[in-house]
Structure formats: C-alpha cells, structure tokens
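Read in the numbering used here, the sequence shown has 11 at position 9, and its numbers run on one by one without any break.
Every residue, glycine too, gets a C-beta built ideally from N, C-alpha and C.
What follows is a short report on a single structure.
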Amino acid sequence: MFKTPISALVLIHTHDLQVLIMERADKKGFWQSVTGSLEQGETPLQTAVREVREETDLDASQYELQDWQTTNTYEIYPHWRHRYAPEVTHNTEHLFALVLPNAVPIKMAPDEHVQYEWVDWREAAKRVFSWTNIDALSKLGERHGLTL
3 MFKTPISALV
13 LIHTHDLQVL
23 IMERADKKGF
33 WQSVTGSLEQ
43 GETPLQTAVR
53 EVREETDLDA
63 SQYELQDWQT
73 TNTYEIYPHW
83 RHRYAPEVTH
93 NTEHLFALVL
103 PNAVPIKMAP
113 DEHVQYEWVD
123 WREAAKRVFS
133 WTNIDALSKL
143 GERHGLTL
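Structure, rendered in structure tokens:
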C-alpha cells in the first residue's frame, strides 16, 4: 500500500526554544523533527498526535499542541518516492508545534531513528536536512521575535 502524499511535521520544543531533532535510521546524517504521513481517515492533527507517540513515546495531550495553520508542498526526494504511487512526486506537509516545559528523555522508534538531541532552535536549523523543517524552525523564531 502506498503512502498518502499528505503529512504532518511537529516541532517539539521547550519554552526556551530547545528543539528535539532525531537522526533517521534509513539515512545516516539526516536529522529532522517528528514527521509522518496521514493514514486512512486521519486528519493532519490526528497524524501529528500519532506520530509524536510513535516516534518519541510522548503523549501530545499532556502538552500544548499548536496547529500553525501552515502547509508546505515539496518534491519528494527520489530515494523515497517508491513509497508513493508512481504518479506522485510531491507531498503537502502540515505544520504543528508541541511545547514542553523542559527537555525530556524520549523513547525513539528504533526502526525510524537512531539518536536524538535537544538543541537550540538555531542549531536545529543548521542540522535538519529538509527546507520545510528549516522553514518551520524559522517560523518558530519569528513567533518569539527572533530571526535565523
């Protein structure tokens, strides 16, 4: 079954803008925020909550989950395009943030990520691989009157 070309990206961060980033298991050196495709019948918000649980074991209902009402459409990297129907080349990503009072240990999904770090939001923007993740981090800074 092919993946749906609609996804959620969730910036997990603290009030002082420490951001959780994780290194992908299938692509060494590729760091990212929580992200994942919608499953059948899900809304982007439901996907955000599910992906946070699957990738970090955090319960999003215990924190402030923000829907930023923002989407980005991007070309799917060729090395991941086989996961989608043959005619699909682009994905639409919905942006969310999960605000935690402080950095906490997480339990990663080992088939998805190999390590994680809590880093300053500007450092996160230097390390993540996708332009949409960098854009999300830039928006995080802007929400706090800061620029990259």
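Simplified DSSP state of residue i, which is helix, strand or coil
{"i": "D137", "result": "helix"}
{"i": "S39", "result": "strand"}
{"i": "S9", "result": "strand"}
{"i": "L22", "result": "strand"}
{"i": "A62", "result": "helix"}
{"i": "V116", "result": "strand"}
{"i": "T73", "result": "strand"}
{"i": "E125", "result": "helix"}
{"i": "E44", "result": "coil"}
C-beta contact flag for residue i and residue j at 8 Å
{"i": "A99", "j": "W70", "result": "yes"}
{"i": "I78", "j": "Y86", "result": "yes"}
{"i": "V121", "j": "V21", "result": "yes"}
{"i": "I23", "j": "E119", "result": "yes"}
{"i": "A127", "j": "L148", "result": "no"}
{"i": "E53", "j": "T37", "result": "yes"}
The ligand SAH heavy atom lying under 7 Å from the CB of residue i
{"i": "W33", "result": "With respect to the ligand SAH, the structure offers nothing, as it holds no ligand at all."}
Closest by C-alpha distance to residue i, when choosing among the options
{"i": "W123", "options": "D113, P112, K141", "result": "K141"}
{"i": "T75", "options": "G43, Q68, H96", "result": "H96"}
{"i": "T58", "options": "I136, M3, Q42, H15", "result": "H15"}
{"i": "L19", "options": "P103, K128, E114, R129", "result": "P103"}
{"i": "F32", "options": "H92, R55, H81, P88", "result": "H81"}
{"i": "L47", "options": "T72, R83, K30", "result": "T72"}
{"i": "H146", "options": "E125, H17, M3, D137", "result": "H17"}
Cβ separation of residue i and residue j, assumed to be a contact under 8 Å, to the nearest whole Å
{"i": "V2", "j": "S35", "result": "Outside the displayed range of the chain (3 to 150) lies residue 2, so it cannot be described from this structure."}
{"i": "L139", "j": "I108", "result": "At roughly 18 Å, the Cβ-Cβ gap does not stay under 8 Å, so L139 and I108 are not in contact."}
{"i": "V106", "j": "E25", "result": "Their Cβ separation, rounded to whole angstroms, is 18 Å, which puts V106 and E25 out of contact at 8 Å."}
{"i": "A10", "j": "A50", "result": "4 Å"}
{"i": "P7", "j": "V130", "result": "Not confirmed; about 20 Å, so no contact."}
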